[in-house]
Amino acid sequence: MIILALETSCDETSAAVVRDGVVIASVVSSQIKLHTEYGGVVPELATREHLRNLMPVTRAALTASGLALAEMDAIAVTQGPGLPSALLMGLKAAQALAYAARKPLLGVNHHEAHLYSAWITGTPARAEWGSFAPTVSLVVSGGHTLLVHLRGLLDHRLLGSTCDDAAGECFDKTAKMIGLPYPGGPEMDRLGAEGNPVAYEFPRPLIDAPNDDFSFSGLKTSVRYFLRDHPGVLDQRKSLCDLCASVQAAIVDVLVAKTIRAARRLGAQCVTASGGVACNSALRRQLTAACSKNRLALRLAAPSYCTDNAAMVAILAERKLTQGAAPLPWNAEIKPGWEIA
Ligand code: KG4
Ligand code: ZN
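Residue numbers in the sequence shown follow the numbering used here, run continuously in steps of one, and reach 344 at the last position.
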């Protein structure tokens, strides 16, 4: 089966082609530079940029695949959740392509696509559905922090999510207070690697709570008070790196502890991590150590499939179509608040 997918839920315009579970073309046009001067994604600008980039990116993916639109078996698109006007650009483009080429159109949930992106491995990247053990998955992005229990492929149940800020949002907002450019997560990762993670103490919200939920807004507030009380900390590179490492450690400790606890409680054999924050080197290192200590297999999504991309949408769409998922009706709408069950 050959699928062309589009992804425009936030600030990446992406198109990809997947053939029989293998990613044969993946093009991502990032808008990060455009939004940096505003310190965050400006929906109106993101929308205009998607409009400008959608057709060039789609053409580039088809060219890279060596295939024509007429050779696709189906078109897939991120239907939600995400920024409404950004999602609309992707859905309308995908509907136009599907209509013109007379192909079925499948709507994919962005979080589900992140969730299953941990199964895309190797070069060329291929979906490895073969050994599907009971799994606990951490999906950590700029918009969401989810813990999910997978009993089988496409058989998943949401265990918990964040009550307020997402982990990526906490990285980005605290980084902004520290004076780092948007998006702050990668920058905090880079500076934190040079710092001492126990130099300053920050809270680990809900780490011992008897549930699978997260909360990061209190941590963000404690960084604000810390900066008010220690104004000189940003003047020296060493204390700046120590601060980044300490904030990062607080976020990562909570993510790792709660993921491992859920996996043990549910008797899972495997843990996965995906979504933009799963690029974080401290998170990857700590999860690797914790899984090894607890004899759990670990699947970390490849960094190129952690941040938003259409390949994960195409891979999931192919699997869903194989299992009989129904195509969208011609008048389908975006689903900006579409949560996974
Ligand atoms: O999955 P994604 O590309 O978009 C959403 O669906 O939100 O995730 C973007 C988020 C941003 O908050 C960004 O700061 C964070 O992922 N991120 C990181 C790292 N790379 C990206 N956070 C921490 N460390 C990183 N290395
Ligand atoms: Zn995402």
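Where is the CB? At the ideal position from N, CA and C, for every residue including glycine.
Nothing here was measured: the structure is a model prediction, and the numbers come from that model.
How many Å lie between residue i and residue j at the Cα?
i	j	result
residue 18	residue 72	12 Å
residue 218	residue 192	20 Å
residue 237	residue 146	27 Å
residue 226	residue 183	14 Å
residue 82	residue 121	20 Å
residue 326	residue 198	48 Å
residue 38	residue 209	32 Å
residue 106	residue 22	16 Å
residue 243	residue 194	8 Å
residue 204	residue 271	32 Å
residue 96	residue 288	39 Å
residue 2	residue 104	Missing from the structure shown is residue 2; the chain here goes from 4 to 344 and no further.
Just to confirm, are residue i and residue j a CB contact at a threshold of 7 Å?
i	j	result
residue 189	residue 175	no
residue 248	residue 281	no
residue 313	residue 52	no
residue 28	residue 67	yes
residue 24	residue 128	no
residue 330	residue 100	no
residue 215	residue 163	yes
residue 177	residue 223	yes
residue 253	residue 207	yes
residue 168	residue 220	yes
Thinking just about the alpha-carbon of each residue, which of the options is nearest to the one in residue i?
i	options	result
residue 157	167, 312, 132 and 146	132
residue 264	20, 331 and 290	290
residue 45	104, 300, 15 and 153	15
residue 259	271, 43 and 285	285
residue 140	160, 232 and 202	160
residue 69	166, 26 and 150	26
residue 33	204, 56 and 181	56
residue 196	61, 251, 40 and 104	251
residue 62	7, 283 and 49	7
**OP:** Under 5 Å from any heavy atom of the ligand KG4, by CB: list those residues in chain order, please.
**Re:** 144, 145, 146, 171, 174, 175, 186, 188, 189, 192, 278, 279, 280, 282, 283, 310 and 311
Original post:
Touching or not, the region 81–97 and the region 330–341, by the rule of three or more beta carbon pairs under 8 Å?
Top reply: yes
Original post:
On the three-pair Cβ rule with 8 Å, is the region 228–243 touching the region 302–322?
Top reply: no
Original post:
Can at least three beta-carbon pairs, one atom from the region 292–299 and one from the region 102–118, be found at a separation below 8 Å?
Top reply: no
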